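One structure below.
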Amino acid sequence: MALRIDDLPAAIRQAKRELREMLPNYREVFAEVEAAMTHEARQIAERRERGEPVIPEIQFEDIAANRVSAEQIAFVKARGACVIRQVFDRALVEQWDRDIAGYVERNELDAKLLNRAEDKYFGQLASSRPQIYGVYWSRPQVLARQSPALTQARVFLNRLWRTESEGRVHFDPERVPVYADRLRRRPPGSESLGLSAHCDGGSVERWIEANFRKVYRHVFSGNWRAYDPFDAAWRTEVEEIPSPAVCSMFRTFQGWTALTPQGPGDGTLQLVPIANSMVYILLRALQDDVADDDLCGAMPGRALSIKAEYHAPLFQALSSIPLMQAGDTVFWHSDVIHAVEDAHRGNGYSNVMYIAAAPSCAKNDAYLKRQLASFREGKSPPDFPADHFEVDFIGRATADDLTSLGREQMGFDLSSDRLG
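The sequence shown: position 284 = 1329 (our numbering), numbered continuously.
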């Protein structure tokens, strides 16, 4: 379902009034949160400056052999992110990158981009021009999504969540539906083509919508240390304000697969690796220096912007991901703050396929049914700007490219039309 708000300033005022009444000592609680978050962010910055890893790294072969240690899992859950190494063979991924380049060039995508639908999702961010291509159905993307190896990695990530709590089972972590997403292709030397710090998966809804409030029930009650970012309770039931590029599936982790080598300075991903940083963001907006009709600049239908004027302590922890090789993947919790470096100062292309981890649940099944029609027709998926570039693209993937696992993940078993 979609959330509709007719008078946003009034809704924000009402929400803040209700939340402050629920937490009359909101100033004192936030002071405690700010001290804790500042300390953690400073520790991360110090470790980063010493050259110590601040984002966990796991070898895929350890996931496949079920030998990821409890300490590694605890580190991932504390940081809300991880790099998984060598999910794909490097030579295979390098061929995929060449195939995507050929697909884009053969179908003259660059010319079509001049007339693309305006994507306002990142428009409020100071840096808001990532080189992201509205391509979803190239054969390499489809083959990567249905890969048994990447499926196993995403099942591992899904299992990090508490799938049963509050007397209910929230999702099936073993089934991994496809959320078709885009490509990033970034040439060396590109400047001011990054993304400022932000969160996806909801902006003003987090304070206003009833199920989002239940997700953050411990935060809004002041018992913030009891908040578990990996508790799935109510996450599959939240309602977002509809907008192109707002994700309406529940993703346990956002993520991408590296098609080329890339690391710090190459115009790549940055994270604030603090899994529960949403506690700070939510309570910061209730403080007295923020206007009653404002949520630290949050806008409906947009990325939730993280701003130095409101969230300065968290920026100490903003860290570029480590050097990635073709075939490596990176994943981050759906509430984790992330950004993309403005400048690419490296020597080669910085290319990725966005492929998230998502579990099977009613919310996601409903989206799959809508997405399946887009796949069959080569259209942009429902959550994205309606460019529909690939409708007549030569070499676009079709149902014939899907394995049995791929058909299941695309939702063919949910469709009444099983003939496609």
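The beta-carbon is built from N, C-alpha and C at its ideal position, and this holds for glycine as well. Treat the numbers as computed from the prediction; the structure is a model and nothing was measured.
My understanding is that residue i touches residue j, with C-beta atoms under 8 Å, so please give their C-beta distance in whole angstroms.
| i | j | result |
| --- | --- | --- |
| R1023 | L1327 | Any question about residue 1023 goes unanswered here, given that the chain covers just 1046 to 1465. |
| P1101 | Q1088 | Going by Cβ atoms, the distance from P1101 to Q1088 rounds to 15 Å, so no, they are not a contact pair. |
| A1371 | P1306 | 6 Å |
| C1244 | D1380 | 6 Å |
| G1300 | V1375 | 6 Å |
| Q1361 | A1090 | 5 Å |
| T1313 | E1386 | 6 Å |
| N1203 | F1438 | So it is not a contact: roughly 32 Å between Cβ atoms. |
Are the CB atoms of residue i and residue j nearer to each other than 8 Å?
| i | j | result |
| --- | --- | --- |
| F1420 | W1141 | no |
| I1319 | M1082 | yes |
| R1229 | A1402 | no |
| V1317 | Y1272 | no |
| D1428 | V1291 | yes |
| L1447 | Q1197 | no |
| L1368 | Q1315 | no |
| F1298 | H1356 | no |
| Y1399 | R1231 | no |
| R1213 | D1276 | no |
| V1180 | L1154 | yes |
| L1359 | A1086 | yes |
| D1373 | R1130 | yes |
| G1346 | S1288 | yes |
| I1050 | I1366 | no |
| P1274 | G1456 | no |
| S1235 | Y1412 | no |
| D1226 | S1405 | no |
| G1267 | L1053 | no |
| L1304 | V1436 | no |
Note down, in chain order, each residue of its chain lying with its Cβ closer than 6 Å to the Cβ of residue i, except the 5 sequence neighbours on either side.
| i | result |
| --- | --- |
| A1442 | W1182, R1184, V1187 |
| G1440 | Y1148 |
| F1201 | I1108 |
| A1242 | I1351, I1382, A1384 |
| N1256 | W1279, E1282, V1283 |
| D1410 | L1459 |
| R1058 | D1337, D1338 |
| Y1224 | M1294, A1401, A1403 |
| G1499 | The displayed coordinates of the chain run from 1046 to 1465. Any statement about residue 1499 would go beyond what the structure contains. |
| A1047 | P1287 |
Going by DSSP, name the residue or residues bridged to residue i.
| i | result |
| --- | --- |
| Q1299 | W1377 |
| I1129 | I1103, T1374 |
| H1383 | H1243, L1316 |
| E1285 | A1047 |
| L1349 | C1244 |
| D1356 | Looking at the sequence provided, one finds His at residue 1356 rather than Asp. Paired residues: none, contrary to the question. |
| Q1307 | M1369 |
| V1397 | R1229, A1303 |
| D1276 | R1207 |
| S1364 | L1316 |
| H1389 | D1311 |
CB-CB under 7 Å to residue i, same chain, minus the five flanking residues each way: which ones, in chain order?
| i | result |
| --- | --- |
| E1219 | V1200 |
| H1263 | W1269, A1271, Y1272 |
| A1146 | none |
| G1342 | S1350, K1352 |
Please list, in chain order, all residues of the same chain as residue i whose beta carbon is under 8 Å from its beta carbon, the five residues on each side excluded.
| i | result |
| --- | --- |
| Q1332 | Y1071, R1072, F1075 |
| E1453 | R1220 |
| I1103 | V1113, Q1117, V1121, C1127, V1128, I1129, R1130 |
| N1392 | P1233 |
| L1195 | V1132, F1133, A1189, T1302, T1374, I1400 |
| A1407 | T1281 |
| L1193 | Note that residue 1193 is Pro in the sequence shown here, rather than Leu. Contacts found: L1450. |
| E1063 | none |
Write down every uninterrupted run of the beta strand (DSSP E) in the region 1053 to 1126 whose length is 3 residues or greater and which is fully enclosed by it, in chain order.
1102 to 1104
Length-filtered (3 minimum) beta strand (DSSP E) runs lying within the region 1171 to 1258:
1228 to 1231, 1240 to 1244
Pick out the complete alpha helix (DSSP H) segments inside the region 1399 to 1453, 4 residues or longer, and give them in chain order.
1407 to 1422
At what residue ranges does the region 1318 to 1342 contain a whole run of the alpha helix (DSSP H), taking only runs of 4 or more?
1323 to 1329
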